[in-house]
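**Student:** The sequence shown runs 1 to 320 under UniProt numbering. For each residue, glycine too, the CB sits at the ideal point set by N, CA and C.
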Amino acid sequence: MPNPHLSILVVDDAKFSSAMIGRALAQAGYQDLRFASSASEALNLLEQKPANVILADWLMPEIDGLELTARVRQLDEMTDHYSYIILLTGKEGENVLGEAFDRGVDDFISKAAMSEQLVPRVFAADRLCATLQRLLQENRLLTQNIASLEQRNLVDSLTGLGNPRYLRLKLTDSLRQVESRGGALCYLLIGLLDAPQLRLRYGDTFYSELLHGVARRLQQLIRPLDVLTRLDENHFGLITLIDDLHECSPSSFRRLHEGLNLKAFKTTEGFITLKAGIALVGLDTKALPVDVEELLDKAVALLPEAYASGRVTALRLPQP
């Protein structure tokens, strides 16, 4: 049975199409229906109240369905919410749909088969939304519980990530693993160059919100087994273990750099862009033994060059 209180937002510049969709969903039992005739109007409605499911036309003037999806994902980051996005499209082909999936779209409905596909696809989204919202709530509770544990001196209370002490412990463990099992280690120091000025301009509450957004963005960009930590007000640290030192190169982490520098963060002060620098230090068994503090210092020394160049700056140990 459908959840009558599932929040659904229909975004379509064609009034006839919106009316047809609304009628079909109402007949299926859905009651919380809202309508927007443009992506801009939809974003205004979402800022007032999030939606569980968004049905949007792919082709709309000014802001199309893909751009709307990107902006909704920024809103989701800010509110710890997940909006299930279904695009209405006449486009076909794996390349076109594959690009849209990469941009954050969850599903599609073919306009040619709207009458057959609409209600079943929304039913499926209905079930998934219940699971997603439960997982988000459990994650929030887990973060709160972690902060209250005796080991909270290893956890950053703002983001739920590890703190500097945790980073040093994990670096020590990772170096031992490289020594015993082989492979290589990459340590990334991620700095937010303009963060102090933003904090001075907008205040501490805004800055806490921004750091939380940066942490969530980084968690989305890294691998599941990577270790992400917050070191201080302007820096994050990342440890990743790989098979070969040659993989520890700037190109391997370009997606991380672009994700911080090219995509704005949605905040209560509007969309904020950051200038982030990444210093990368890589090593394998040939560089051992290495002192943890020495490794951290080398990354700190690289960071100014990363800021100046606008690229990931890398160093492999041992140096020739």
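Apart from the five residues just before and just after L6, which ones in its own chain have a Cβ nearer than 7 Å to its Cβ?
**Tutor:** Here the set comprises Y30, D32, N52, V53, D126 and C129.
**Student:** S110 lies in the alpha helix (DSSP H); which residues open and close that run?
**Tutor:** No alpha helix (DSSP H) holds S110; the beta strand (DSSP E) holding it covers D107 to S110.
**Student:** Under the three-state reduction of DSSP, which class applies to K275: helix, strand or coil?
**Tutor:** Coil, per DSSP.
**Student:** Please report the distance separating the alpha-carbon of D107 from that of Q133.
**Tutor:** Looking at the two C-alpha atoms, the distance is approximately 18 Å.
**Student:** Applying the 10 Å Cβ sphere with the 16-neighbour rule, what's the burial state of E150?
**Tutor:** With a pLDDT of 48 at E150, under the threshold of 50, the predicted position of this residue should be treated as unreliable, though the coordinate-derived value follows. That one is exposed.
**Student:** Helix, strand or coil for E150, going by three-state DSSP, please let me know.
**Tutor:** Only weak support exists for where E150 lies, its pLDDT of 48 falling under 50; the value from the coordinates is given anyway. E150 falls in the helix class under three-state DSSP.
**Student:** Smallest Cα separation from L228: which of G182, F101 and L256?
**Tutor:** Nearest of G182, F101 and L256 to L228, Cα basis: L256.
**Student:** With 16 as the cutoff for other CB atoms within 10 Å, does T69 come out buried or exposed?
**Tutor:** That one is buried.
**Student:** Mind checking whether L97 and I109 have CB atoms under 7 Å apart?
**Tutor:** It is not a contact, given that the beta carbons lie outside the stated cut-off.
**Student:** Does the separation of the CB atoms of S34 and L66 fall below 7 Å?
**Tutor:** Strictly speaking, residue 34 in this sequence is Arg, with Ser absent from that position. Not in contact: R34 and L66 (Cβ atoms no closer than 7 Å).
**Student:** Looking at the unbroken beta strand (DSSP E) that takes in K266, where does it start and where does it end?
**Tutor:** F265 to T267 is the extent of the beta strand (DSSP E) around K266.
**Student:** Nearest by alpha-carbon distance to E62: which of Y84, A39 and I278 is it?
**Tutor:** When only C-alpha atoms are compared, the closest one is A39.
**Student:** Buried or exposed for T313, going by 16 or more other Cβ atoms inside 10 Å?
**Tutor:** So T313 ends up on the buried side.
**Student:** Please go through the stretch 39 to 115 and give each complete alpha helix (DSSP H) segment of 4 or more residues, from N-terminal end onward.
**Tutor:** Within the stretch 39 to 115, the complete alpha helix (DSSP H) runs of at least 4 residues are 39 to 48, 65 to 79 and 94 to 102.
**Student:** Under 8 Å by Cβ, that's how I've got A264 and Q74 pegged, so tell me the actual separation to the nearest angstrom.
**Tutor:** Indeed, because the Cβ distance is near 7 Å, the residues count as touching under 8 Å.
**Student:** Quick one: is A100 buried, meaning 16 or more other Cβ sit within 10 Å of its Cβ, or exposed?
**Tutor:** Buried, by the Cβ-count rule.
**Student:** Please name the residue, chosen from E233, A184, T267 and L192, that lies closest to N163 on a Cα-to-Cα basis.
**Tutor:** For the residues E233, A184, T267 and L192, the minimum Cα distance to N163 belongs to E233.
**Student:** Should H235 go down as buried or exposed, given a rule of 16 or more other Cβ atoms within 10 Å for buried?
**Tutor:** When all chains shown are included, H235 counts as buried.
**Student:** Is it buried or exposed, G182, if we count other Cβ atoms within 10 angstroms and call 16 or more buried?
**Tutor:** Label assigned to G182: exposed.
**Student:** Within the chosen definition, does the stretch 273 to 284 reach the stretch 192 to 208 through at least 3 CB pairs nearer than 8 Å?
**Tutor:** Yes: the two stretches touch, three or more of their Cβ pairs being nearer than 8 Å.
**Student:** Provide the residue span of the alpha helix (DSSP H) that contains Y166, from first to last.
**Tutor:** Looking at the DSSP string, the run of the alpha helix (DSSP H) that includes Y166 is P164 to R181.
**Student:** Report the CB separation of I86 from S174 in whole angstroms; it is logged as a contact under 8 Å.
**Tutor:** At roughly 42 Å, the Cβ-Cβ gap does not stay under 8 Å, so I86 and S174 are not in contact.
**Student:** If you reduce the DSSP assignment to three classes, tell me which class A14 lands in.
**Tutor:** In the structure shown, A14 sits in coil (DSSP, three-state: anything other than H, G, I, E or B).
**Student:** Please report how far the alpha carbon of D226 lies from the alpha carbon of S17, in whole angstroms.
**Tutor:** C-alpha separation (whole angstroms): 46 Å.
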